[in-house]
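In the order they appear, the protein sequences are chains A and B. If you read the first sequence in UniProt numbering, its first letter stands for residue 1, the second for the next number, and so on. If you read the second sequence in UniProt numbering, its first letter stands for residue 1, the second for the next number, and so on. Where is the CB? At the ideal position from N, CA and C, for every residue including glycine.
Protein chains: 2
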Amino acid sequence: MPRESVPTKTRAPRRRSATSAVTMADVAAAAGVSTQTVSRALRDPASVSGETLQRIEEAVRNTHYVQNFAASHLASNRSMTVAAIIPAISTSIFAETIQGLSDVLLPEGYQVFLGHTDYVAAREEALIRSLSGRRPDGFFIIGTQHTRDATHILKRAGVPVVESWGLTSRPIDLVVGFSNHAAMKTVVNHLADRGYHRLTFAGVMKPGDDRAKERRKGFLDAHGERFPGVEPQVVTVASNSMIMATGAELLDLVRATYPETDAIVFTSDVLASGAVLRCNDLGVRVPADLAITGFGNYDIAGHLRPSLTTVAIASRRIGMLSAELLLARMQNKPVTERVIDIGFELLVRDSS
Amino acid sequence: MPRESVPTKTRAPRRRSATSAVTMADVAAAAGVSTQTVSRALRDPASVSGETLQRIEEAVRNTHYVQNFAASHLASNRSMTVAAIIPAISTSIFAETIQGLSDVLLPEGYQVFLGHTDYVAAREEALIRSLSGRRPDGFFIIGTQHTRDATHILKRAGVPVVESWGLTSRPIDLVVGFSNHAAMKTVVNHLADRGYHRLTFAGVMKPGDDRAKERRKGFLDAHGERFPGVEPQVVTVASNSMIMATGAELLDLVRATYPETDAIVFTSDVLASGAVLRCNDLGVRVPADLAITGFGNYDIAGHLRPSLTTVAIASRRIGMLSAELLLARMQNKPVTERVIDIGFELLVRDSS
DNA sequence: CTGTTAGCGCTTTCAC
DNA sequence: GTGAAAGCGCTAACAG
Numbered sequence: 001m002p003r004e005s006v007p008t009k010t011r012a013p014r015r016r017s018a019t020s021a022v023t024m025a026d027v028a029a030a031a032g033v034s035t036q037t038v039s040r041a042l043r044d045p046a047s048v049s050g051e052t053l054q055r056i057e058e059a060v061r062n063t064h065y066v067q068n069f070a071a072s073h074l075a076s077n078r079s080m081t082v083a084a085i086i087p088a089i090s091t092s093i094f095a096e097t098i099q100g101l102s103d104v105l106l107p108e109g110y111q112v113f114l115g116h117t118d119y120v121a122a123r124e125e126a127l128i129r130s131l132s133g134r135r136p137d138g139f140f141i142i143g144t145q146h147t148r149d150a151t152h153i154l155k156r157a158g159v160p161v162v163e164s165w166g167l168t169s170r171p172i173d174l175v176v177g178f179s180n181h182a183a184m185k186t187v188v189n190h191l192a193d194r195g196y197h198r199l200t201f202a203g204v205m206k207p208g209d210d211r212a213k214e215r216r217k218g219f220l221d222a223h224g225e226r227f228p229g230v231e232p233q234v235v236t237v238a239s240n241s242m243i244m245a246t247g248a249e250l251l252d253l254v255r256a257t258y259p260e261t262d263a264i265v266f267t268s269d270v271l272a273s274g275a276v277l278r279c280n281d282l283g284v285r286v287p288a289d290l291a292i293t294g295f296g297n298y299d300i301a302g303h304l305r306p307s308l309t310t311v312a313i314a315s316r317r318i319g320m321l322s323a324e325l326l327l328a329r330m331q332n333k334p335v336t337e338r339v340i341d342i343g344f345e346l347l348v349r350d351s352s
Numbered sequence: 001m002p003r004e005s006v007p008t009k010t011r012a013p014r015r016r017s018a019t020s021a022v023t024m025a026d027v028a029a030a031a032g033v034s035t036q037t038v039s040r041a042l043r044d045p046a047s048v049s050g051e052t053l054q055r056i057e058e059a060v061r062n063t064h065y066v067q068n069f070a071a072s073h074l075a076s077n078r079s080m081t082v083a084a085i086i087p088a089i090s091t092s093i094f095a096e097t098i099q100g101l102s103d104v105l106l107p108e109g110y111q112v113f114l115g116h117t118d119y120v121a122a123r124e125e126a127l128i129r130s131l132s133g134r135r136p137d138g139f140f141i142i143g144t145q146h147t148r149d150a151t152h153i154l155k156r157a158g159v160p161v162v163e164s165w166g167l168t169s170r171p172i173d174l175v176v177g178f179s180n181h182a183a184m185k186t187v188v189n190h191l192a193d194r195g196y197h198r199l200t201f202a203g204v205m206k207p208g209d210d211r212a213k214e215r216r217k218g219f220l221d222a223h224g225e226r227f228p229g230v231e232p233q234v235v236t237v238a239s240n241s242m243i244m245a246t247g248a249e250l251l252d253l254v255r256a257t258y259p260e261t262d263a264i265v266f267t268s269d270v271l272a273s274g275a276v277l278r279c280n281d282l283g284v285r286v287p288a289d290l291a292i293t294g295f296g297n298y299d300i301a302g303h304l305r306p307s308l309t310t311v312a313i314a315s316r317r318i319g320m321l322s323a324e325l326l327l328a329r330m331q332n333k334p335v336t337e338r339v340i341d342i343g344f345e346l347l348v349r350d351s352s
């Protein structure tokens, strides 16, 4: 038959192994309108007549339609996502920041990609690289120091970027943070004012933890100012976890290395709390024999006995402010302040 | 001119306000191959000849190409994402679970969408609904109780779903958890064995916190068994935060309401720690005057004095195991156990 | 091992 | 207020 001679090119249109899911076309068919109208009804209900809207809403319900954001993203070039990159999720003070960020972004329809770097710069770069592929509409990062490539990727992404939890002279875009350096100087000055004069800095120093480095530098600088000529004492460990047991270990280490120490400046309340509790066990009187300070004003700080002198950081607020900055940018609203210094507060309690 | 009479249909092909970003076609052109080959080189380098691969890699570098996952997702029907839904991010024990989940998923190329519900069922449903639009390849959820609609959406999504932190007789798909009910019974039995006989259950009970409810039920059931005829004592608050101050408040409340109490069973170590520290302030001897137990084995539990009797939960392991189950499913590997009971461990310490 | 073609599901553009 | 057509950037399907 002549039909047989039809060129092989004319074959049945391919069907991809589709989701078998309901698409906007199904809704459109059910409502008796075009997909375009469905799209409009979903994004801006007011742009569609009341009756049409109702039919569409009913069709959505009946078909159990769930919009496919990947297609939406591809067509509109807006992903409605924000990528958040933090050193560790289980560090509760960072978790608070993410909660703040999420609290502001979710109601606005933005979803959050979360990744953690374990304080490893190369992992941060890898994460930024792969998250870039998601084409987020904004980036939120804890930290202000990144590899060259990571910085380039962020700049090339063409979307707002918030760096946080620190300050930097060369921001990529936006910054919400405070000076870790100044915070530590404030601690040292407080201790010096109280008459302590053999200070030891103690903490966990991961290679990629720029905040810890800034704090150490703040300690050293303030120490040089207040105790000129006195060799500053620093005791750090690199591989230990941020847990109370590490604080207890560091206490022992400090007492063994620098027995003349009369005040220990810890980089975190977690460590300081572990140290205070160990002092209680050992019969070391805090602050009479030894003053102890922390950082972060964790929940425990005020409840410990003696209560812990520390530096309060508005960690949740960092997340919320960052989200607001990102939102403003993503919605093309004016952003006046590109760098927000949220500051810190020294809380003098009984441990010093 | 005749040209003017060309039908208006013949107009220049539309260009959309494209990303102005580098696409795979640019890389293909630079490498002198088709986009298909670039795609293959990216997803399975071994499927491309060595020389071609090198040229492509160079082209990627030169062009600063970043793959667009939204397009990839749309074309391949795989998003390479997992949606994680938790009650609160800043609850450190849940953060550990997410860290475990993320630790396993990120190296496999999956990215994590994180959302939190604040223990509100309606918010969970809304979150599940909107995250469904992202077409994640899997869902991870803390909790086993959801609204009808939420359950339907999850079932219709056609991807693996892990419910966690509890056990349920009607799982949606996969479960990684433990019996909160049994854990609490174990605590009560321990206290009863030690001779305590006026037990009070104390905690924060958010309406949407099914784990807390299960724990209360476990307390009541065990109490009924061990102290038949004795009215069980329960003191809860609904709107307070999970912070130590709430534990201190609850201690005061229990002592005012049920002064005869000789043991308090808290739903969380955070509360129990706040209570222990307040007891120390008040001169209430723990456990001589009053036994106190917690839940979760937070870092502080072993460092408190007296150290805290509690129930240890392998929270990070919940995340890791869940991720492994999801991965197996997403990669079409066999999954033998659909329900994993990771159990719990009663840690008897000095507070009881 | 590599290329061609069609299509994923949506939104933009343009027309009415 | 609504619709038709085209295209977002990629990969599955097929052919060679």
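- Boundaries around Gly247 (chain A) are those of the alpha helix (DSSP H), 244-257, since no beta strand (DSSP E) includes it.
- Sequence-distant partners of Gly177 (chain B) (beyond 5 residues in either direction) whose C-beta falls short of 6 Å from its own C-beta, in its chain, are Ser164, Trp165, Gly166, Leu167.
- For Pro259 (chain A), the closest C-alpha among the options A:Gly274, A:Gln233, A:Ser79 is that of A:Gln233.
- As summarised for the stretch 94-155 of chain B, the continuous beta strand (DSSP E) elements at least 3 residues long and confined to that stretch are 111-116, 138-142, given in chain order.
- Here Ser241 (chain A) is exposed: its Cβ has fewer than 16 other Cβ atoms, across all protein chains shown, within 10 Å.
- Taking a cut-off of 8 Å for Cβ pairs, the stretch 151-161 of chain A and the stretch 179-192 of chain A do not touch, as fewer than three such pairs fall below it.
- Membership of Ala263 (chain B) in the beta strand (DSSP E) is indicated by the continuous run 263-266.
- In this structure Asn180 (chain B) is buried. Its beta-carbon is surrounded by 16 or more other beta-carbon atoms within 10 angstroms.
- For Ile56 (chain A), the enclosing alpha helix (DSSP H) covers residues 50-63.
- Ala272 (chain B) and Gln331 (chain B) have their C-alpha atoms some 43 Å from each other.
- Among the residues of chain B, none has a CB under 8 Å from the CB of Gly294 (chain A); the nearest is roughly 14 Å distant.
- Close to Gln99 (chain B), with beta-carbon spacing below 8 Å, are these residues of chain A in chain order: Ala88, Ile89, Ser90, His116.
- For Met244 (chain A), at least one C-beta of chain B is nearer than 9 Å to its own C-beta.
- By the criterion of at least three beta-carbon pairs nearer than 8 Å, the stretch 212-229 of chain B is not in contact with the stretch 272-290 of chain B.
- Gln233 (chain B) has B:Thr200 as its beta-bridge partners, per DSSP.
- Under DSSP, Glu345 (chain A) forms a beta bridge with A:Ala312.
- Sorting A:Glu345, A:Ser352, A:Asp341, A:Leu346 by C-alpha distance to the C-alpha of Leu174 (chain A) places A:Asp341 at the top.
- Residue environment for Asn297 (chain B): buried (at least 16 other C-beta atoms within 10 angstroms of its C-beta).
- Among the bridge pairs identified by DSSP, Thr293 (chain B) is matched with B:Val265, B:Thr309.
- In this chain, the alpha helix (DSSP H) harbouring Gly218 (chain B) covers 210-226.
- Per the Cβ contact rule, the stretch 188-197 of chain A is not in contact with the stretch 116-132 of chain A (fewer than 3 Cβ pairs under 8 Å).
- Within the DSSP secondary-structure output, Glu337 (chain B) pairs in no beta bridge.
- When Cβ-Cβ separations below 9 Å define contact, Gly274 (chain A) makes contact with chain B.
- As the crow flies, the alpha-carbon of Ile172 (chain B) is around 25 Å from that of Leu106 (chain A).
- The beta carbons of Ser307 (chain A) and Ser351 (chain A) sit closer together than 9 Å.
- Counted as a single uninterrupted DSSP element, the stretch harbouring Ser164 (chain A) is not any alpha helix (DSSP H) but the beta strand (DSSP E) occupying residues 161-164.
- In the pairwise beta carbon analysis, the stretch 252-271 of chain B is classified as not touching the stretch 51-66 of chain B: fewer than three pairs are separated by under 8 Å.
- One Cα belongs to Val235 (chain A), the other to Gly208 (chain B), and the distance between them is close to 46 Å.
- Per the coordinates, the alpha-carbon of Gly195 (chain A) lies some 20 Å from the alpha-carbon of Val276 (chain A).
- Residue contact with chain B for Glu96 (chain A): present (Cβ-Cβ distance below 9 Å to some residue of chain B).
- Identification of chain A residues near Phe69 (chain B) by a Cβ-Cβ cut-off of 7 Å yields Gly133, Arg134, ordered along the chain.
- Shown in chain order are the members of the stretch 278-306 of chain B whose Cβ falls below 9 Å from a Cβ of chain A: Arg278, Asn280, Asp281, Asp299, Ile300, Gly302, His303, Leu304, Arg305.
- Looking at the DSSP output, Leu174 (chain A) bridges to A:Val162.
- The Cβ of His146 (chain B) sits no closer than 9 Å to any Cβ of chain A.
- Nearest in C-alpha terms to Gly218 (chain B), of all of B:Thr267, B:Arg285, B:Leu290, is B:Thr267.
- In this structure, the beta-carbon distance from Thr117 (chain A) to Ala88 (chain A) falls below 9 Å.
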